[in-house]
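J.:
In the working numbering, the protein residues as written are 7 to 131.
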């Protein structure tokens, strides 16, 4: 079912009558689709540990969905250009909240490269 067809038909009824709490086209449902993503990621990486996993589309710009992707150990999210600033902020927030993903089944992050020049002074305003 396409988003347009669903939103013109049954989906608005489901939302208005409390059958669904949120529009599934706006945010990934962690108990449904999120669980499937978790299983796919875990099982895929059992077979191929270097498997790169990510999402693309409008969910890649939703802060709640980005947090879920981080907790599941996905490697990337992709979204439309106008959503990039919010997506970057949400990804940074998730990294601060949950760490860099290492404890969530993701491969350890590459170490940060050393700066080429030491900082000579701290400028304060």
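Using N, Cα and C, we set each Cβ at its ideal position, and we do this for glycine too.
Would you list the one or two residues that DSSP bridges to residue 83?
T.: Its beta-bridge partners are 61.
J.: Please state the DSSP three-state secondary structure of residue 36.
T.: In the structure shown, residue 36 sits in coil (DSSP, three-state: anything other than H, G, I, E or B).
J.: Could you check where the alpha helix (DSSP H) with residue 28 kicks off and where it finishes?
T.: From DSSP, residue 28 is part of no alpha helix (DSSP H); its letter is neither H nor E.
J.: Starting from residue 69, trace the alpha helix (DSSP H) both ways and give me its first and last residue.
T.: 69-78 is the span of the alpha helix (DSSP H), which, as asked, contains residue 69.
J.: Rounded to the nearest angstrom, what separates residue 93 and residue 56 at their Cα positions?
T.: Between residue 93 and residue 56, the C-alpha separation is close to 24 Å.
J.: Can you say whether residue 72 is buried or exposed, counting buried as having 16 or more other CB atoms within 10 angstroms of its CB?
T.: The residue in question, residue 72, is buried, as its Cβ has 16 or more Cβ neighbours within 10 Å.
J.: So, with DSSP's three-state summary, where would you put residue 106?
T.: It is coil, neither helix nor strand.
J.: DSSP on residue 15, reduced to helix/strand/coil?
T.: In this structure, residue 15 counts as coil in the three-state DSSP scheme.
J.: According to the neighbour-count rule (16 or more other Cβ atoms, all chains shown, within 10 Å of its Cβ), is residue 45 buried or exposed?
T.: Answer is exposed; the Cβ neighbour count stays below 16.
J.: Contact check, residue 100 vs residue 65 under 8 Å by CB: the rounded distance?
T.: Their Cβ separation, rounded to whole angstroms, is 14 Å, which puts residue 100 and residue 65 out of contact at 8 Å.
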